[in-house]
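If you count by our numbering, then the sequence shown holds residues 58 to 206, one letter each, in order. For each residue, glycine too, the CB sits at the ideal point set by N, CA and C. Bear in mind the structure is a predicted one, so any value in this text is a computation, not a measurement. The structure appears below as structure tokens.
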Amino acid sequence: MAHTFLMESGQWLIEGNWIDRSQMPIALRGKTVIAWHQSDWFSMVTKLVFPNSDHEDIILQYRGRLDGNEREYTFVLQHSQLGKIEGEGLISPESIVQRYRVLGDERQRRNGFETIRKVDSAHYYYCGGIMAGHSLNLISVMEATLERK
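If you want it as structure tokens, here you go:
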């Protein structure tokens, strides 16, 4: 079964948890909108909110390109807290896995990874983390479910 998340235009609802190092999990909700502009260019906008918390909302604005083999893609991203990001992803039969690095961040050297695993055509499970430094210390993790709207 082909992927519906990322590979098709649509809207997705997000619900899960954000965990900063040495902190308790914080509930989050959000929405992602994906649009395909040409056969190999996509945009994705995500907003995450943290109800009952003073955690600042996170807004992510992606622009990406699918390679000719339709199994690899590259993207640039504007992150409301981290700034400019670039990354790449691989599309496997059951998961979409991507990694990224924060640009202009030589001091902290932040980077991250995300795995989006298909449950069925309308549901995915997301898990990702942000790391920093030469030893790649894990500084935050997000886990969530994605449901097609």
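Determine whether the beta carbon atoms of residue i and residue j lie at a separation below 8 Å.
| i | j | result |
| --- | --- | --- |
| L139 | R167 | yes |
| G161 | G185 | no |
| E200 | G73 | yes |
| I142 | Y157 | yes |
| W75 | S149 | no |
| I83 | H112 | yes |
| D97 | L123 | yes |
| Q155 | A189 | no |
| Y182 | E171 | no |
Out of the options, point me to the one whose CA is closest to residue i's CA.
| i | options | result |
| --- | --- | --- |
| S66 | D77, L85 and H94 | H94 |
| G144 | T131, S152, I153 and Q68 | T131 |
| M64 | I116, T103 and F99 | F99 |
| A59 | I187, K175, E204 and V198 | K175 |
| I91 | K104, A84 and L85 | K104 |
| L193 | Q68, R78 and L70 | R78 |
| H180 | Q155, L195 and K206 | K206 |
| G87 | M81, P108 and Q80 | P108 |
| F62 | V159, L195, T89 and N126 | T89 |
Quick check: what's the CA-CA separation for residue i versus residue j?
| i | j | result |
| --- | --- | --- |
| T202 | H191 | 31 Å |
| Q118 | S178 | 24 Å |
| E163 | V102 | 26 Å |
| R106 | E129 | This sequence places Val at residue 106; Arg is not what is there. Rounded to the nearest angstrom, the two C-alpha atoms are 29 Å apart. |
| H136 | Q68 | 19 Å |
| G121 | D114 | 23 Å |
| L85 | S110 | 9 Å |
| I116 | E127 | 27 Å |
What does residue i pair with, by DSSP beta-bridge criteria?
| i | result |
| --- | --- |
| Q118 | V102 and Q135 |
| E200 | N74 and C184 |
Restricting to runs no shorter than 3 residues, where is the beta strand (DSSP E) found entirely within the region 60-91? 67-77
Just list the beta strand (DSSP E) runs in the region 120-198, keeping only unbroken ones of 3 residues or longer that don't cross its boundaries, in chain order. 129-136, 140-148, 152-159, 168-177 and 180-189
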